[in-house]
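For the sequence shown, our numbering begins at 32 and goes up steadily by one. Here's the structure, in structure tokens; my notes come after.
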Amino acid sequence: MSEARARAIGLLGGGVIGGGWAARFVLNGVHVQLYDPAPGAVERVQETLANARRAYQRLTMAPLPAEGALIVANSVAEAVRGVELVQESASECLELKQQLLASASRAATPETLICSSTSGLRPSLLAKEMNHPERLLVSHPFNPLYLLPLVELCAAPATAPETLERAAEIYRSVGMHPALVRKEVDGFVANRLQEALWREALWLVHDDLATVQEVDDAICYSFGLRAPILGPFRIGAGEIGMRQHMAIWGPVTLNLPRRKLADAPELTEAFLDKLAEQSEARDDNQKIPELQQKRDDCLVAVLQGLRAQGYGAGETLARWEKGLRDRAPQLTRASGQLEMTRQIPSDWIDYNGHLTESRYLQLCGIATDNLLTYVGINAEYRSKFGSYYTLETHLSHLGELYAGERVQVLTQVLGADDKRLHVFHVLTREGDEKPAATGEQMLIHVKAGSGRSGPAQGSVRKRMLELARKHAELSRPERAGASIRLR
32 MSEARARAIG LLGGGVIGGG WAARFVLNGV HVQLYDPAPG AVERVQETLA
82 NARRAYQRLT MAPLPAEGAL IVANSVAEAV RGVELVQESA SECLELKQQL
132 LASASRAATP ETLICSSTSG LRPSLLAKEM NHPERLLVSH PFNPLYLLPL
182 VELCAAPATA PETLERAAEI YRSVGMHPAL VRKEVDGFVA NRLQEALWRE
232 ALWLVHDDLA TVQEVDDAIC YSFGLRAPIL GPFRIGAGEI GMRQHMAIWG
282 PVTLNLPRRK LADAPELTEA FLDKLAEQSE ARDDNQKIPE LQQKRDDCLV
332 AVLQGLRAQG YGAGETLARW EKGLRDRAPQ LTRASGQLEM TRQIPSDWID
382 YNGHLTESRY LQLCGIATDN LLTYVGINAE YRSKFGSYYT LETHLSHLGE
432 LYAGERVQVL TQVLGADDKR LHVFHVLTRE GDEKPAATGE QMLIHVKAGS
482 GRSGPAQGSV RKRMLELARK HAELSRPERA GASIRLR
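See the structure below:
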């Protein structure tokens with residue numbers, strides 16, 4: 032993952048999509064060189080970055096890398112200098128995009144990938160004025176780009192295969208799901224599906240068959256909930272199989288004259304007025320910043336739910352988190368104690384206004400995972416030899432923590448042998464001296480596939496025992512071994 036990641040990208044355009052790209056890359060530790068001469072463009076990108084930071088704080092507890100820099104460029108040439116990938120995200124105007132892409136191809140190094148975020152223009156048209164059309168491909172994302180993982184990759188006939196392969200590597204490294212569009216086609220795949228639904232929605236409102244809110248409700252309370260799990264073909268290929276499904280439902284759904292997917296209603300002033308009036312009269316109207324945050328919060332919940340099931344976009348999220356953990360630097364103090372810092376997300380707060388009890392345990396669990404990673408327990412070790420499982424945990428709540436505060440967790444190994452591991456965590460609000468909580472845990476090494484205890488193996492055993500010997504030189508924490516009793 033770390034090798035696939037780009038060091039820097041050039042971003043041409045800082046609108047909704049450009050800002051989303053900036054957030055996706057910057058928060059994954061990639062420098063972004065932004066060119067957008069429009070007034071207020073940089074400020075809008077900064078607002079998107081702030082929204083993305085808030086969403087990522089809720090989305091994952093994996094350690095994010097140090098943020099990349101957002102560097103404002105004064106020209107296309109300056110934006111593409113020294114980068115591995117150029118991401119054009121200007122407005123959907125063929126001539127403007129051709130001009131920007133041609134300028135980028137002249138100024139960038141020969142090995143630089145040049146990608147367009149166009150939502151529908153064919154790459155062969157976009158590459159018409161370029162010096163090196165073999166470097167161009169479309170990489171079409173979806174908003175909010177920092178949360179939605181799909182990026183459609185569409186190549187022109189002149190695009191070199193290695194261009195597609197390298198682009199896919201870069202996008203995967205920042206937590207995205209690259210999907211190859213097999214042939215050049217206007218609108219690619221997902222937008223063609225989305226636009227078919229949009230046309231039918233417009234007709235339903237145009238013909239007074241439903242209001243704007245009723246159309247939205249019809250999707251949000253039915254197949255929209257199913258969409259993160261099942262696409263249309265997986266639904267069709269259910270218990271009865273696709274051939275039987277089509278035999279039953281094909282004539283009913285495809286031959287009756289009840290759909291208008293081929294045409295869109297004329298956008299007359301009267302129809303536009305109707306759309307505007309119904310949209311403004313909705314009972315769930317919110318201001319744009321509030322709506323964006325609510326959208327992000329709901330998407331985070333869906334992604335986390337899918338991650339818990341190891342399914343769909345949740346699998347992409349889990350893969351990205353694994354990459355973050357694998358390449359995160361393990362911080363140790365001069366004393367040898369392991370150190371990590373986390374910011375408290377707002378949804379970790381209980382009805383009393385401070386951190387809920389279960390989250391103290393989660394912070395201790397994350398710190399223990401960091402320790403296991405530090406001594407070399409990875410996927411290969413777990414599959415061959417097993418891992419440590421928690422037998423007992425003792426939490427002491429000594430203070431209160433609040434949303435937005437940064438918490439430092441120091442981890443000390445109190446003892447270890449071939450099978451057992453005794454650890455102690457001290458949780459402190461950053462800047463404080465007095466701990467907010469402590470957590471003491473006893474773990475046992477369990478052999479892979481057996482469910483039974485067994486000794487740690489190889490370099491993991493060696494590193495764990497060495498760490499225990501080093502930590503034995505430290506003073507024993509005051510609350511270590513403390514039991515609950517009346518004093």
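Ideal placement from N, C-alpha and C gives every residue a C-beta, glycine not left out.
Cβ-Cβ distance between residue i and residue j below 9 Å
| i | j | result |
| --- | --- | --- |
| ARG55 | VAL205 | yes |
| VAL117 | GLY49 | no |
| VAL76 | LEU101 | yes |
| VAL73 | ALA39 | no |
| PRO154 | CYS185 | yes |
| HIS385 | LEU426 | no |
| LEU392 | VAL438 | no |
| THR194 | LEU144 | yes |
| LEU167 | ALA104 | no |
| GLN324 | LYS415 | no |
| VAL457 | VAL440 | yes |
| GLN368 | THR424 | no |
| LEU228 | ILE260 | no |
| ALA37 | GLU109 | no |
| LEU235 | VAL246 | yes |
| GLU200 | ALA53 | no |
| ASP217 | LEU152 | yes |
Option nearest residue i by Cα separation, candidates the options
| i | options | result |
| --- | --- | --- |
| LEU429 | SER414, ASP449 and GLU388 | GLU388 |
| CYS146 | ALA307, ILE380, GLU119 and LYS159 | GLU119 |
| ASP381 | TRP351, ALA434, ALA301 and SER122 | ALA434 |
| ALA511 | ARG313, MET473 and GLN439 | MET473 |
| ALA97 | SER377, LEU369 and PRO360 | PRO360 |
| SER150 | GLN368, GLU509, SER122 and PHE254 | SER122 |
| SER106 | GLY99, ALA83 and LEU132 | LEU132 |
| SER377 | ASP247, GLU215, GLY367 and ARG390 | ARG390 |
| ALA503 | SER366, LEU306 and GLY396 | SER366 |
| ALA312 | GLU297, THR242 and ARG364 | THR242 |
| ALA83 | GLU461, THR363, ALA198 and ARG326 | ARG326 |
| LEU298 | HIS237, GLY482, GLN225 and VAL246 | HIS237 |
| GLY462 | GLU436, ARG112 and LEU362 | GLU436 |
| GLU308 | LYS318, THR363 and GLN244 | GLN244 |
| TYR342 | SER310, ASP248, GLY262 and PHE302 | GLY262 |
| ASP248 | SER310, ALA513, GLY396 and VAL111 | SER310 |
Close Cβ partners of residue i (< 7 Å) along its chain, the five nearest in sequence each way excluded
| i | result |
| --- | --- |
| ALA295 | ARG230 and LEU233 |
| LYS159 | GLN129 |
| TYR412 | VAL491 |
| GLY99 | PHE56, VAL57, GLY60, VAL61, HIS62 and VAL63 |
| VAL47 | ASN174 |
| GLY113 | ALA39 |
Same chain only: Cβ atoms within 8 Å of residue i, ignoring 5 sequence neighbours per side
| i | result |
| --- | --- |
| SER33 | Only weak support exists for where SER33 lies, its pLDDT of 45 falling under 50; the coordinates are left without a value. |
| PRO70 | none |
| TYR87 | LEU58, LEU95 and TYR177 |
| SER484 | LYS450, ILE475, HIS476, VAL477 and LYS478 |
| GLN317 | LYS325 |
| ARG364 | GLU370 and LEU441 |
Sequence-distant residues of the same chain with beta carbon closer than 6 Å to residue i, five excluded per side
| i | result |
| --- | --- |
| VAL182 | SER170, PRO172, TYR202, MET207 and PRO209 |
| ASP67 | GLY44 and GLY45 |
| ALA187 | PRO154, SER155 and ALA158 |
| LYS501 | GLY367 |
| ALA191 | GLU165 |
| GLU300 | none |
| TRP351 | GLY206 |
| LEU348 | LEU334 and ARG338 |
Ranges of the alpha helix (DSSP H) found wholly within the segment 376–442, counting only runs of at least 4 = 388–405 and 410–415
Check whether the segment 327–334 touches the segment 172–182, taking contact to mean three or more Cβ pairs, one atom from each stretch, closer than 8 Å.
-> yes
Does the segment 390–408 come close enough to the segment 352–364 that 3 or more CB-CB pairs lie under 8 Å?
-> yes
Do the segment 402–415 and the segment 491–498 meet, that is, are 3 or more Cβ pairs less than 8 Å apart?
-> yes
Contact between the segment 128–137 and the segment 158–174: three or more CB pairs below 8 Å?
-> yes
Pairing CB atoms from the segment 335–344 with CB atoms from the segment 168–175, are three or more of them under 8 Å?
-> no
Counting pairs of Cβ atoms below 8 Å between the segment 89–99 and the segment 358–374, do you hit three or more?
-> yes
What residue ranges within the segment 95–137 form continuous alpha helix (DSSP H) runs of no fewer than 4 residues, ordered along the chain?
-> 107–111
Taking one C-beta from the segment 457–470 and one from the segment 478–487 each time, how about it: are there three or more such pairs within less than 8 Å?
-> no
What runs of the beta strand (DSSP E), each 3 residues or longer, lie entirely inside the segment 151–207?
-> 167–171 and 181–186
So, do the segment 418–426 and the segment 437–447 have three or more beta carbon pairs nearer to each other than 8 Å?
-> no
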